[in-house]
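Asker: So that we are looking at the same thing, I have put the structure below in structure tokens.
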Amino acid sequence: MLLALTRNLEKALLDRISGRYQIAYDALNFTIPPKIELGELALPIAFDLARKVKRPPIEIAGELASDAGGIPGIGKVDVAGGGYLNFHLDRGAFAHALARSIAERHFGRASGPETTGKIIVEHTNINPNKAAHIGHLRNATLGDSFVRCLRFLGHEVEVQNYLDNTGVQVADVVVGLERMQSMTLPDVAAIDGKFDYYCWDVYARVSEFYQRSEENKKWRSLTLQAVEAGNNPTAELAQHVAMRIVKAHLATMRRLNVQYDLLPRESEILHLHFWEKAYQLLKDRGAIYYVSEGKNRGCWVMNTGDPQQESTREEAEDDEKIIVRSDGTVTYVGKDIAYQLWKLGLLGLDFHYRLYEACDGHSLWITTMEPDAEAAHPRFGQAQRVYNVIDSRQSYLQNIVVQGLKALGFDQQAANSIHFSYEMVALTPACCDELGFPLSEQDRKRSYVEVSGRKGLGVKADDLLDTLAQKALSEVQSRHSLPEEESAAIARIIAVGALRYFLLRFARNTVIAFDLKEALSFDGETGPYVQYAVVRANNIFRKLSESGEEPPDPAVEDGSLGRFLSGDDEIWDIVYQAARLPEVVRQIAQTLELGQLCKYAFSMAQKFNLFYHKHHILSEGDTQRRRNLLFVADLVRKQLTQALYLLGCEVPLKM
């Protein structure tokens, strides 16, 4: 709404400048005045015009101010600082228009779409070999909230969670089960309890198994070959392990309010000849070549160095990225190139699909090798733009994927292949203590402690969520006497809000040191603080409803709201900031920084809490003022609820 108003103002002013001074501008650079009482928009154009028409800028500013006074949405225009134009919005009309737009929109979306063409966001992508850990949660929350923001702006978005069900990590667990523990598929299928936790321990012990002998090390390559080939007992065991752990991962992500549209599996990329087709394209266009000598002998590689620079064979080896190993197995990046080609509609092949599950009106599909005649699936793939949410340690491999697209001549698609990178999640020493991790004296002096799933030293996602929920439950029970089930439901919402907000509020390429106490605090820049502000606002309208009174109707304009807002800059600032939500989301679509939305929500919660304490709304004796205060409170709570939704956080009934 703010964007549309600014664009209309710009167009009207450009027309007036062209007509009055016969000077054309492509655009006007509006700024924001330092204080809300000075207006909402400022424009220094009179200074540039003054140089061109040889007249004082204050005269030109006066003429433009007179012209702009009649533009819809503008209340008044001041001239300041010898030629600056300060634009004051029509506060009452603006507030009513904002309230109507909020009431009319579908929750979770602003007006749109802003561009045409599908966007694919691929995120989470946990290797299906063990339980999800805290680092995976940062990936999932970043990806999920980014999807929510894109859909809010009106974009068509497809969410994919890639399953590397034939990779090295799965093969390592299979080695552990088959070679370390002598287990067969029936033995593994009979394992009770949390299977993803069981495999976490198996995976942690495999490294030690490989170190025992050279013979043991060979089992990784042999097992990987068997898994990729399929149709053998080892491959069947690998698929049982992978899909059973995928089920556990999806259950974990549901606890965080994360959903997907499609689960593409690596096994289909191999067996439906995606990789074979991409492999041939890469060879035909000279993007990869075979190495017959040196350390990469027997491999197909891509040269990542400068193609214009001559180099010796030894120097070239340093710039070579292996795409196909000497044993014939494909590296991650090779399969990723094939997958990226499919996502962008460049491969000429497609998966088969079957419905994996349908829950709460949402359908989740999975790829399969066999066509399902009864499955009327959506059209997957063929995106205009692709975002791959993968941690910053994978930047090199993501660059290789883009380089592969360019080598195949797909420059535009390469430009639309975006690596949404982020840094790791560590723990504060205090958090390690609370979670029961033993620390050395050296670790206790550090600002954060790194964890490693490969070494078995990591925070399992479900354990973390359970701990957060238990601590939140203790806080809820100390404040309210509620039935156990209701208290537990409130605690779950607070715990998820605390975790997601904490993981999102930092710049994505900053290492996070997670701290339980800080995340769950009801004070400061936290999810519970923002949730509490909305709970307060909702309580006002709950009490209003219990009294039989209806909230203000945004369609009714009697002029009193405009007078009320014109007389109180502090309250008007709350309304104006509430209108900035779409602007903030647009910035996120460009910068990929979800922390901007956290800061916006926190700032709005702060402003509302000050408003709440200063104005005793329901006990206000002046009927008209009371309704105007209710109008403002309703605007703020709806925008804060929307902001929390975009962050993946719900609003509890009580706190």
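For the sequence shown, our numbering puts the final residue at 729, and the numbers step up evenly by one. No residue lacks a Cβ here, since even glycine has one placed at the ideal position from N, Cα and C.
#1: Between the Cα of residue 123 and those of 94, 197, 406, spot the shortest distance and give me the residue it belongs to.
#2: Over the uninterrupted beta strand (DSSP E) stretch that includes residue 395, give me the two end residues.
#3: By Cβ distance below 8 angstroms, which residues in the same chain neighbour residue 114 in space, the five residues on each side in sequence not counted?
#4: Taking only three categories from DSSP, how would you classify residue 431?
#5: Quick one: what's got a C-beta closer than 7 angstroms to residue 726's C-beta in the same chain, skipping five residues either side?
#6: Taking the alpha-carbon of residue 255 as reference, which of 395, 271, 283 has the nearest alpha-carbon?
#7: Leaving out five residues on either side along the sequence, give the residues of the same chain with a beta carbon under 6 angstroms from the beta carbon of residue 456.
#8: Mind pulling the alpha helix (DSSP H) runs of 4 or more residues that sit fully within the segment 432-517?
#9: Starting from residue 327 and walking both ways along the alpha helix (DSSP H), at which residues does that stretch end?
#10: Check whether the Cβ atoms of residue 517 and residue 625 sit closer than 8 angstroms, and answer yes or no.
#11: Per DSSP, what kind of secondary structure is residue 687 in: helix, strand or coil?
#12: Quick one: grab the DSSP three-state call for residue 170.
#13: Which same chain residues end up closer than 6 angstroms to residue 41 when comparing Cβ atoms and leaving out the 5 residues on each side of it in sequence?
#14: Given 8 angstroms as the limit, is there contact between the segment 569-578 and the segment 666-676, that is, 3 or more CB pairs closer than that?
#15: Would residue 197 and residue 214 be called neighbours here (beta carbons separated by less than 8 angstroms)?
#16: Rounding to the nearest angstrom, what Cα-Cα distance links residue 37 and residue 648 in this structure?
#17: Leaving aside the five residues before and after residue 310 along the sequence, list all residues of the same chain whose C-beta is less than 8 angstroms from its C-beta, in chain order.
#18: Let me check one thing: in DSSP terms, what residues is residue 150 bridge-paired to?
#19: Looking at the secondary structure, which residues open and close the alpha helix (DSSP H) in which residue 123 lies?
#20: Quick one: is residue 319 buried, meaning 16 or more other Cβ sit within 10 Å of its Cβ, or exposed?
#21: With respect to the beta strand (DSSP E) encompassing residue 234, which residues constitute its N-terminal and C-terminal limits?
#22: Assign residue 47 to one of three DSSP states: helix, strand, or coil.
#23: Do residue 463 and residue 500 have their C-beta atoms within less than 8 angstroms of each other?
#24: If you pair each beta-carbon of the segment 256-276 with each one of the segment 338-354, do three or more pairs fall below 8 angstroms?
#25: Assign residue 332 to one of three DSSP states: helix, strand, or coil.
#26: Check whether the Cβ atoms of residue 720 and residue 341 sit closer than 8 angstroms, and answer yes or no.
Answerer: This is what the structure holds:
#1: For the purposes of this step, residue 123 is taken as residue 49 along the sequence shown, with counting starting at 1. Ranking 94, 197, 406 by Cα distance to residue 123 puts 94 first.
#2: On the sequence shown, position 321 is the one that residue 395 refers to. First-last of the beta strand (DSSP E) with residue 395: 394-398.
#3: Numbered from 1 along the sequence shown, position 40 holds the residue referred to as residue 114. Contacts found: 106, 107, 161, 162, 163, 650.
#4: As a working note, residue 431 is residue 357 in the sequence shown. Correct three-state label for residue 431: strand.
#5: Locating residue 726 in the sequence shown gives position 652, counting from the first residue. For residue 726, where only same-chain residues beyond five positions count, the Cβ hits under 7 angstroms are 564, 567, 568, 605, 609.
#6: Position 181 of the sequence shown, counted from the start, is the residue given in the question as residue 255. Considering only alpha carbons, the answer is 283.
#7: As a position in the sequence shown, residue 456 is number 382, starting the count at 1. Contacts found: 419.
#8: Correct list: 469-481, 485-489, 503-509.
#9: Start at 1 with the first residue of the sequence shown, and residue 327 comes out as number 253. First-last of the alpha helix (DSSP H) with residue 327: 307-329.
#10: Working through the sequence shown from its first residue, we reach residue 517 at position 443. Working through the sequence shown from its first residue, we reach residue 625 at position 551. One thing to note: residue 517 has its Cβ no nearer than 8 angstroms to the Cβ of residue 625.
#11: Sequence index remark: in the sequence shown, residue 687 carries index 613 (1-based). Looking at residue 687 - three-state DSSP - the assignment turns out to be helix.
#12: On the sequence shown, residue 170 is found 96 positions in, with the first residue counted as 1. Correct three-state label for residue 170: helix.
#13: In the structure as shown, the chain starts at 75 and stops at 729, and residue 41 therefore has no counterpart that could be examined.
#14: yes
#15: As a first step, residue 197 is located in the sequence shown; it is residue number 123 there, counting from the start. As a first step, residue 214 is located in the sequence shown; it is residue number 140 there, counting from the start. In this structure, residue 214 lies closer than 8 angstroms to residue 197 by Cβ.
#16: Nothing can be reported for residue 37: it is not among the residues displayed for the chain, which extend from 75 to 729.
#17: On the sequence shown, residue 310 is found 236 positions in, with the first residue counted as 1. 259, listed in sequence order.
#18: Position 76 of the sequence shown holds residue 150. The partner list for residue 150 (beta bridge, DSSP) reads 162.
#19: Looking up residue 123 in the sequence shown gives position 49. Residue 123 -> alpha helix (DSSP H) spans 119-127.
#20: In the sequence shown, counting from the first residue as 1, residue 319 sits at position 245. It counts as buried.
#21: Translated into the one-based positions of the sequence shown, residue 234 becomes position 160. Element bounds for residue 234: 231-234.
#22: Residue 47 lies beyond the residue range present for the chain, which begins at 75 and ends at 729; the question has no answer from this structure.
#23: Against the sequence shown, residue 463 aligns to sequence position 389. Against the sequence shown, residue 500 aligns to sequence position 426. Pairing residue 463 with residue 500 gives a Cβ-Cβ distance that is not under 8 angstroms.
#24: Here the segment 256-276 does not lie against the segment 338-354, with fewer than 3 beta-carbon pairs under 8 angstroms apart.
#25: Reading the sequence shown from its first residue, position 258 is the one you call residue 332. Per DSSP, reduced to three states, the secondary structure at residue 332 is coil, with no helix or strand assignment.
#26: In the sequence shown, the residue the question calls residue 720 occupies position 646. In the sequence shown, the residue the question calls residue 341 occupies position 267. Result no, Cβ atoms of residue 720 and residue 341 do not sit closer than 8 angstroms.
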